[in-house]
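K.L.:
The sequence shown runs 322 to 532 under the numbering used here. If you scroll down you'll find the structure; I have some questions about it.
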Amino acid sequence: MAKRFGMTLVILLAISVASSAEEPLASASAYVRRGMQRFQANLIAESLEDFDQAARLQPALSPSLWQRGISLYYVGNFLAGRQQFESHQTVNPHDVENATWHFICVARDLGLEQARDALIPIETQRDSRVPMAEVYQFYAGHGSSEAILAAARQAATEQASMYAHLYLGLYYEAAGEADLAKHHMRLSAAAKLQDNYMHDVAKVHLLQRAW
């Protein structure tokens with residue numbers, strides 16, 4: 322029942338977003354907002370069009386468009402996704418999430434070994450979100466999934482659980498372990514959160530993979 326309700330909600334959101342798709346927008350920020358709405362409605366290619374238009378209208382904004390990198394990942398353009406996250410690093414140098422998305426783009430394109438070699442250096446103490454330090458160590462090959470989950474359990478928040486399972490799911494997908502990826506992504510999407518774009522990423526991921 323919950324799954325059916327969630328699917329219905331996405332369909333209704335997609336219809337609503339599509340109905341305004343041809344409306345002219347006045348600014349780059351308006352295109353970013355609509356791009357995010359389109360992504361949340363599982364309209365990935367359309368979201369990318371809006372993020373690209375935002376960058377064309379305001380080129381200085383381009384490095385900040387981490388949302389564009391995520392959309393590029395889901396359309397399978399891993400090289401462009403990698404480049405977007407490398408650009409984002411110049412304006413947001415302490416974000417573990419940016420390094421992880423860069424990692425999975427490289428991993429999907431060139432493999433896990435090259436992804437580790439290319440892992441963006443991050444001072445993890447500068448990113449206080451739990452369990453991002455443990456996630457970074459795991460992606461670097463020094464940590465464990467158990468450490469990520471233990472940190473999330475200790476934090477005892479829905480957000481920590483969502484992050485833990487999201488980044489485990491993304492890693493296992495890049496590693497070709499579909500069953501583990503599905504398990505963790507479902508748990509991430511099941512977190513009780515509202516108005517959280519990364520939580521929406523988990524839900525869209527399930528739709529994209531028909532999980």
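Every residue, glycine too, gets a C-beta built ideally from N, C-alpha and C.
#1: Can you list, in chain order, the residues of its chain with a C-beta nearer than 7 Å to that of residue 374? Leave out the 5 residues immediately preceding and following it.
#2: Should residue 389 be labelled buried (16 or more other beta-carbon atoms within 10 Å of its own) or exposed?
#3: Excluding the 5 residues preceding and the 5 following residue 396 in the sequence, name in chain order all residues of the same chain whose CB lies nearer than 8 Å to its CB.
#4: I need the DSSP call for residue 391, collapsed to helix, strand or coil.
#5: Alpha carbon to alpha carbon, what distance is there between residue 377 and residue 451?
#6: Where residue 479 and residue 512 are concerned, what is the direct C-alpha to C-alpha distance, given to the nearest angstrom?
#7: Count the C-beta pairs between the region 500-509 and the region 435-454 that are closer than 8 Å, then say yes if the count reaches three, no if not.
#8: So what does DSSP say about residue 455, is it helix, strand or coil?
#9: Counting only runs that start and end within the region 396-470, where is the alpha helix (DSSP H) found for 4 or more residues in a row?
#10: What did DSSP end up calling residue 513 once you bin it into helix, strand or coil?
#11: Whose C-beta lies closer than 6 Å to the C-beta of residue 491 among residues of the same chain, with five residues either side of it excluded?
#12: When the Cα atoms are used, what is the spatial distance from residue 392 to residue 401?
#13: Report the option in 383, 455, 384 whose CA atom is closest to the CA atom of residue 476.
#14: Might you give, ordered along the chain, the residues of its own chain that have their beta carbon closer than 6 Å to the beta carbon of residue 503, omitting 5 neighbours on each side?
#15: Between which two residues does the alpha helix (DSSP H) holding residue 498 run?
#16: Give the DSSP-derived three-state secondary structure of residue 379 in the structure shown.
#17: Using C-beta distances below 8 Å, list every residue in its chain close to residue 433, excluding the 5 sequence neighbours before and after it, in chain order.
#18: If I follow the unbroken alpha helix (DSSP H) through residue 350, where does it start and stop?
P.N.:
The answer reads as follows:
#1: 352
#2: buried
#3: 365, 366, 369
#4: helix
#5: 35 Å
#6: 6 Å
#7: no
#8: helix
#9: 399-410, 417-431, 433-438, 453-461
#10: coil
#11: 425
#12: 10 Å
#13: 455
#14: 532
#15: No alpha helix (DSSP H) holds residue 498; DSSP gives it neither H nor E.
#16: coil
#17: 495, 496
#18: 349-361
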